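Numbering (the UniProt record's numbering), first residue to last: 1 to 227.
What follows is the structure, given as C-alpha coordinates:
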(Lines of atoms letter the chains of each structure in order from A and count residues from 1; the text may use other names and numbers.)
(Lines give C-alpha, C1' and ligand atoms only; values in the text may rest on other atoms or scores of the structure.)
Protein backbone atom coordinates (compact mmCIF):
# COMPACT_ATOMS: atom_id res chain seq x y z
CA UNK A 1 0.00 0.00 0.00
CA UNK A 2 2.71 2.43 0.99
CA UNK A 3 4.65 1.82 -2.24
CA UNK A 4 1.64 2.96 -4.27
CA UNK A 5 1.77 6.54 -3.10
CA UNK A 6 1.92 8.24 -6.50
CA UNK A 7 1.02 11.86 -5.81
CA UNK A 8 3.43 13.94 -7.90
CA UNK A 9 6.09 15.89 -6.03
CA UNK A 10 4.98 19.17 -7.62
CA UNK A 11 6.86 21.49 -5.29
CA UNK A 12 9.91 19.46 -4.30
CA UNK A 13 12.38 21.87 -5.84
CA UNK A 14 10.62 25.04 -4.88
CA UNK A 15 12.39 25.80 -1.59
CA UNK A 16 15.73 27.52 -1.10
CA UNK A 17 18.49 25.45 0.46
CA UNK A 18 19.35 26.91 3.84
CA UNK A 19 20.92 25.62 7.02
CA UNK A 20 18.71 23.59 9.31
CA UNK A 21 19.02 26.14 12.11
CA UNK A 22 16.52 28.51 10.43
CA UNK A 23 13.36 28.08 12.40
CA UNK A 24 10.31 28.24 10.09
CA UNK A 25 9.21 28.24 6.52
CA UNK A 26 8.62 31.77 5.23
CA UNK A 27 4.87 31.41 4.89
CA UNK A 28 4.26 29.65 8.18
CA UNK A 29 2.42 32.60 9.68
CA UNK A 30 -0.51 31.89 7.36
CA UNK A 31 -1.04 28.43 8.81
CA UNK A 32 -0.27 28.63 12.50
CA UNK A 33 1.56 30.40 15.27
CA UNK A 34 5.08 31.40 14.29
CA UNK A 35 7.82 30.09 16.51
CA UNK A 36 9.02 32.67 19.05
CA UNK A 37 11.65 35.12 17.89
CA UNK A 38 15.01 35.00 19.59
CA UNK A 39 15.83 31.32 19.32
CA UNK A 40 14.53 27.80 18.85
CA UNK A 41 13.92 25.66 21.91
CA UNK A 42 13.52 21.96 21.15
CA UNK A 43 10.93 19.91 23.01
CA UNK A 44 10.44 16.16 23.18
CA UNK A 45 7.31 14.22 22.30
CA UNK A 46 5.56 11.03 23.33
CA UNK A 47 6.96 7.81 21.93
CA UNK A 48 5.47 6.09 18.89
CA UNK A 49 2.82 3.48 19.66
CA UNK A 50 0.78 0.90 17.79
CA UNK A 51 -2.00 3.50 17.49
CA UNK A 52 0.17 5.76 15.30
CA UNK A 53 0.07 5.79 11.51
CA UNK A 54 3.51 4.70 10.35
CA UNK A 55 5.02 4.34 6.90
CA UNK A 56 8.55 3.33 5.94
CA UNK A 57 10.43 0.81 8.07
CA UNK A 58 8.33 0.29 11.19
CA UNK A 59 11.32 -1.30 12.94
CA UNK A 60 13.77 1.49 12.10
CA UNK A 61 15.72 3.13 14.90
CA UNK A 62 15.28 6.59 13.37
CA UNK A 63 11.86 8.20 13.32
CA UNK A 64 10.32 11.34 11.84
CA UNK A 65 7.02 12.47 13.35
CA UNK A 66 4.94 15.12 11.60
CA UNK A 67 2.14 17.01 13.32
CA UNK A 68 -0.06 18.27 10.53
CA UNK A 69 -3.33 19.96 9.66
CA UNK A 70 -4.91 18.95 6.35
CA UNK A 71 -6.13 22.51 5.76
CA UNK A 72 -2.70 24.04 6.45
CA UNK A 73 -1.10 25.44 3.25
CA UNK A 74 2.42 25.03 4.66
CA UNK A 75 1.70 21.36 5.40
CA UNK A 76 0.60 20.85 1.81
CA UNK A 77 3.76 22.59 0.61
CA UNK A 78 5.92 20.22 2.64
CA UNK A 79 4.19 17.09 1.35
CA UNK A 80 6.34 16.66 -1.77
CA UNK A 81 9.47 16.89 0.37
CA UNK A 82 8.11 14.36 2.86
CA UNK A 83 7.11 11.98 0.09
CA UNK A 84 10.59 12.28 -1.41
CA UNK A 85 12.11 11.46 1.97
CA UNK A 86 9.71 8.56 2.51
CA UNK A 87 10.79 7.10 -0.83
CA UNK A 88 14.52 7.61 -0.28
CA UNK A 89 14.59 6.41 3.34
CA UNK A 90 11.89 3.73 3.14
CA UNK A 91 14.25 1.06 4.48
CA UNK A 92 15.91 3.13 7.19
CA UNK A 93 13.35 5.46 8.76
CA UNK A 94 9.82 5.23 10.13
CA UNK A 95 7.62 8.20 9.28
CA UNK A 96 4.64 9.03 11.49
CA UNK A 97 1.71 11.40 10.98
CA UNK A 98 -0.23 12.84 13.91
CA UNK A 99 -3.22 15.14 13.68
CA UNK A 100 -3.02 18.72 14.90
CA UNK A 101 -5.93 20.62 13.31
CA UNK A 102 -5.61 24.32 14.03
CA UNK A 103 -8.60 26.22 15.44
CA UNK A 104 -8.55 28.83 12.67
CA UNK A 105 -9.15 26.18 10.02
CA UNK A 106 -12.85 25.38 9.83
CA UNK A 107 -12.32 22.11 7.98
CA UNK A 108 -9.22 20.94 9.82
CA UNK A 109 -11.00 18.67 12.26
CA UNK A 110 -13.43 17.05 9.82
CA UNK A 111 -10.63 16.23 7.36
CA UNK A 112 -8.58 14.70 10.18
CA UNK A 113 -11.65 12.61 10.96
CA UNK A 114 -11.89 11.65 7.30
CA UNK A 115 -8.31 10.40 7.23
CA UNK A 116 -8.83 8.44 10.44
CA UNK A 117 -12.09 6.97 9.13
CA UNK A 118 -10.32 5.91 5.94
CA UNK A 119 -7.65 4.35 8.11
CA UNK A 120 -10.24 2.06 9.65
CA UNK A 121 -10.59 0.59 6.16
CA UNK A 122 -6.85 0.41 5.57
CA UNK A 123 -6.57 3.59 3.49
CA UNK A 124 -5.22 6.22 5.89
CA UNK A 125 -2.20 7.18 3.81
CA UNK A 126 -4.18 7.23 0.58
CA UNK A 127 -6.72 9.64 2.11
CA UNK A 128 -3.89 11.64 3.69
CA UNK A 129 -2.28 12.14 0.28
CA UNK A 130 -5.56 12.92 -1.45
CA UNK A 131 -6.59 15.55 1.10
CA UNK A 132 -3.32 17.40 0.68
CA UNK A 133 -3.32 17.06 -3.11
CA UNK A 134 -6.86 18.46 -3.33
CA UNK A 135 -6.60 20.96 -0.47
CA UNK A 136 -7.51 23.98 -2.61
CA UNK A 137 -10.60 22.14 -3.84
CA UNK A 138 -12.22 21.54 -0.44
CA UNK A 139 -10.55 24.10 1.80
CA UNK A 140 -13.32 26.71 1.61
CA UNK A 141 -16.21 24.25 1.61
CA UNK A 142 -19.08 24.97 3.96
CA UNK A 143 -19.37 22.71 6.99
CA UNK A 144 -22.71 21.38 5.79
CA UNK A 145 -21.42 20.21 2.41
CA UNK A 146 -17.79 19.14 2.78
CA UNK A 147 -18.62 15.51 3.61
CA UNK A 148 -21.24 14.93 0.92
CA UNK A 149 -19.62 17.06 -1.79
CA UNK A 150 -15.96 16.22 -1.26
CA UNK A 151 -15.03 13.68 1.40
CA UNK A 152 -17.52 11.02 0.29
CA UNK A 153 -16.29 11.47 -3.28
CA UNK A 154 -12.70 10.93 -2.16
CA UNK A 155 -13.73 7.89 -0.13
CA UNK A 156 -15.48 6.38 -3.13
CA UNK A 157 -12.47 7.06 -5.36
CA UNK A 158 -10.33 5.09 -2.91
CA UNK A 159 -12.70 2.15 -3.02
CA UNK A 160 -13.97 2.59 0.52
CA UNK A 161 -17.33 1.46 1.82
CA UNK A 162 -18.87 4.94 1.85
CA UNK A 163 -21.66 4.01 4.26
CA UNK A 164 -19.12 2.73 6.78
CA UNK A 165 -16.95 5.79 6.13
CA UNK A 166 -19.91 8.05 6.95
CA UNK A 167 -20.50 6.18 10.19
CA UNK A 168 -16.85 6.13 11.20
CA UNK A 169 -16.10 9.77 10.41
CA UNK A 170 -18.10 10.93 13.42
CA UNK A 171 -17.48 7.93 15.64
CA UNK A 172 -16.19 8.33 19.21
CA UNK A 173 -13.13 6.22 18.37
CA UNK A 174 -12.09 8.50 15.50
CA UNK A 175 -12.64 11.64 17.55
CA UNK A 176 -10.71 10.18 20.47
CA UNK A 177 -7.75 9.32 18.22
CA UNK A 178 -7.51 12.95 17.13
CA UNK A 179 -7.81 14.17 20.71
CA UNK A 180 -5.00 11.81 21.71
CA UNK A 181 -2.77 13.15 18.93
CA UNK A 182 -3.51 16.71 19.99
CA UNK A 183 -2.82 15.92 23.64
CA UNK A 184 0.66 14.63 22.78
CA UNK A 185 1.25 17.74 20.68
CA UNK A 186 0.15 20.07 23.45
CA UNK A 187 2.36 18.24 25.94
CA UNK A 188 5.28 18.84 23.57
CA UNK A 189 4.33 22.54 23.23
CA UNK A 190 3.51 22.26 19.53
CA UNK A 191 2.09 25.60 18.37
CA UNK A 192 2.26 25.50 14.58
CA UNK A 193 1.94 23.12 11.66
CA UNK A 194 3.77 21.34 10.35
CA UNK A 195 5.95 20.53 13.35
CA UNK A 196 8.60 17.84 13.01
CA UNK A 197 10.30 15.58 15.54
CA UNK A 198 13.31 13.43 14.68
CA UNK A 199 13.88 10.65 17.20
CA UNK A 200 11.24 12.32 19.40
CA UNK A 201 13.11 15.65 19.52
CA UNK A 202 11.62 18.70 17.80
CA UNK A 203 13.66 20.22 14.97
CA UNK A 204 13.42 23.63 13.29
CA UNK A 205 11.41 23.32 10.09
CA UNK A 206 13.88 22.51 7.29
CA UNK A 207 13.32 24.64 4.21
CA UNK A 208 14.36 22.09 1.60
CA UNK A 209 14.64 18.39 1.01
CA UNK A 210 18.43 18.70 1.27
CA UNK A 211 18.20 20.36 4.68
CA UNK A 212 15.78 17.70 5.91
CA UNK A 213 18.02 14.94 4.56
CA UNK A 214 20.95 16.41 6.49
CA UNK A 215 19.02 16.02 9.74
CA UNK A 216 17.99 12.45 8.93
CA UNK A 217 21.50 11.49 7.81
CA UNK A 218 22.92 12.81 11.08
CA UNK A 219 20.36 10.79 13.05
CA UNK A 220 21.19 7.66 11.05
CA UNK A 221 24.90 8.17 11.59
CA UNK A 222 24.37 8.63 15.32
CA UNK A 223 22.21 5.50 15.44
CA UNK A 224 24.86 3.47 13.63
CA UNK A 225 27.59 4.74 15.96
CA UNK A 226 25.63 3.57 18.99
CA UNK A 227 25.25 0.01 17.71
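We put the beta carbon where it would ideally sit given N, CA and C, even for glycine. What you are looking at is a predicted structure, and each value in this text was computed from that prediction instead of being measured.
Which residues in the same chain have their Cβ closer than 8 angstroms to the Cβ of residue i, if we skip the five residues on either side of it in sequence?
i           : result
residue 174 : 113, 116, 117, 120, 168
residue 134 : 150, 154
residue 44  : 188, 197, 200, 201, 202
residue 171 : 117
From residue i to residue j, what does the alpha carbon distance come to, in whole angstroms?
i           : j           : result
residue 226 : residue 47  : 19 angstroms
residue 216 : residue 198 : 7 angstroms
residue 162 : residue 207 : 38 angstroms
residue 13  : residue 58  : The pLDDT assigned to residue 13 is 33, lower than 50, so where the model puts this residue is not dependable, and the model offers no usable value.
residue 79  : residue 99  : 15 angstroms
residue 164 : residue 156 : 11 angstroms
residue 144 : residue 66  : 29 angstroms
residue 186 : residue 130 : 27 angstroms
residue 205 : residue 125 : 22 angstroms
residue 104 : residue 182 : 15 angstroms
residue 75  : residue 88  : 20 angstroms
residue 184 : residue 178 : 10 angstroms
residue 50  : residue 128 : 18 angstroms
residue 86  : residue 95  : 7 angstroms
residue 141 : residue 77  : 20 angstroms
residue 40  : residue 191 : 13 angstroms
residue 209 : residue 81  : 5 angstroms
residue 90  : residue 214 : 16 angstroms
residue 218 : residue 83  : 19 angstroms
Can you tell me whether DSSP reads residue i as helix, strand or coil?
i           : result
residue 45  : coil
residue 199 : coil
residue 74  : helix
residue 149 : helix
residue 190 : coil
residue 213 : helix
residue 223 : helix
residue 56  : strand
residue 104 : coil
If you drop the 5 nearest sequence neighbours on each side, which residues of the same chain put their C-beta closer than 6 angstroms to that of residue i?
i           : result
residue 42  : 201, 202
residue 101 : 69, 108, 109, 112
residue 152 : 162
residue 195 : 67
Can you give me the Cβ contacts of residue i inside the same chain, cut-off strictly under 7 angstroms, excluding the 5 residues immediately before and after it?
i           : result
residue 223 : 61, 62
residue 92  : 57, 60, 62, 220
residue 97  : 53, 66, 68, 128
residue 123 : 158, 160
residue 138 : 107, 146, 150
Less than 8 angstroms between the CB atoms is what I'm expecting for residue i and residue j, so what's the real figure, rounded?
i           : j          : result
residue 136 : residue 70 : That belief does not hold up - the Cβ atoms of residue 136 and residue 70 are roughly 12 angstroms apart, past 8 angstroms.
Cβ-heavy atom distance between residue i and the ligand FAD below 7 angstroms?
i          : result
residue 90 : Because no ligand of any kind appears in the structure shown, any question about the ligand FAD cannot be addressed here.
Name the one or two DSSP bridge partners that residue i has.
i          : result
residue 65 : 96, 197
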